[in-house]
Amino acid sequence: MAHGSGPSVAARDDLAGVVDLFEWLTRAELSRALSELAFKQRTEADEAAIDAAIGLAVDEYALVPAPDGALSGDDVTGHTAESTALAVGPAAFPTLPEGAEDLPHILDVPDRGVDREALADAVLDRLRREAVTAIDEGDAERLETLADVTYDVEAWAPVDVGPVRTRILAEVDE
Numbered sequence: 220m221a222h223g224s225g226p227s228v229a230a231r232d233d234l235a236g237v238v239d240l241f242e243w244l245t246r247a248e249l250s251r252a253l254s255e256l257a258f259k260q261r262t263e264a265d266e267a268a269i270d271a272a273i274g275l276a277v278d279e280y281a282l283v284p285a286p287d288g289a290l291s292g293d294d295v296t297g298h299t300a301e302s303t304a305l306a307v308g309p310a311a312f313p314t315l316p317e318g319a320e321d322l323p324h325i326l327d328v329p330d331r332g333v334d335r336e337a338l339a340d341a342v343l344d345r346l347r348r349e350a351v352t353a354i355d356e357g358d359a360e361r362l363e364t365l366a367d368v369t370y371d372v373e374a375w376a377p378v379d380v381g382p383v384r385t386r387i388l389a390e391v392d393e
């Protein structure tokens, strides 16, 4: 995440790789991890670029907000915007950026876990809500992204996304 670099698929998958090291991270912890990586790589951490990359990863379902019910660990509590727990989502292909293997020694994060079934249910609920919003707003670009995500979700978790995909594709095809 060097200064001036914009979010990319590679960055998105690197973010997922960092989160995958810990099972889940808050948005603030992920931002700190990326700043630590930038320091290790002797580049300047650009907070705006980090925030944009995290936002894009969440928008594209590479990282997904995880409800408290899907999380385990000593520090599971209610979350604010900065402490929203993020887990690896269905559109991610997690990769470890250079130096990331040292992050568990640098960050003081307790052992954590994610209940994949509860996370999958939350992702499906979010997908449904976002599809309705995109349909209501006539947002064809978002609908195409969400249509792609339905295939990722189906491969990622044992949930039935068929009805959501059918509704999205009916709108896209109009």
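Per the numbering used here, the sequence shown starts with residue 220, numbered consecutively.
Ideal placement from N, C-alpha and C gives every residue a C-beta, glycine not left out.
If you're wondering where the values come from, they're calculated on a predicted model, not measured in any experiment.
Check: Any contact of the stretch 235 to 247 with the stretch 304 to 321, i.e. 3+ C-beta pairs under 8 Å?; Outcome: yes
Check: Would you report the Cα separation of L249 and W243, rounded to the nearest angstrom?; Outcome: 9 Å
Check: Could you spell out where the beta strand (DSSP E) holding R251 opens and where it closes?; Outcome: R251 -> not in any beta strand (DSSP E); alpha helix (DSSP H) instead, spanning R246 to K259.
Check: I'd like to confirm the pairing. Which residues does DSSP put opposite W243 in its beta bridges?; Outcome: A306
Check: So, does the stretch 252 to 262 touch the stretch 300 to 311, judging by three or more C-beta pairs under 8 Å?; Outcome: no
Check: Helix, strand or coil, according to DSSP, for V237 in the structure here?; Outcome: helix
Check: I'd like the list of long-range same chain contacts for Y280, defined as Cβ closer than 6 Å, with 5 residues on each side in sequence excluded.; Outcome: G308, P309, A310 and V368
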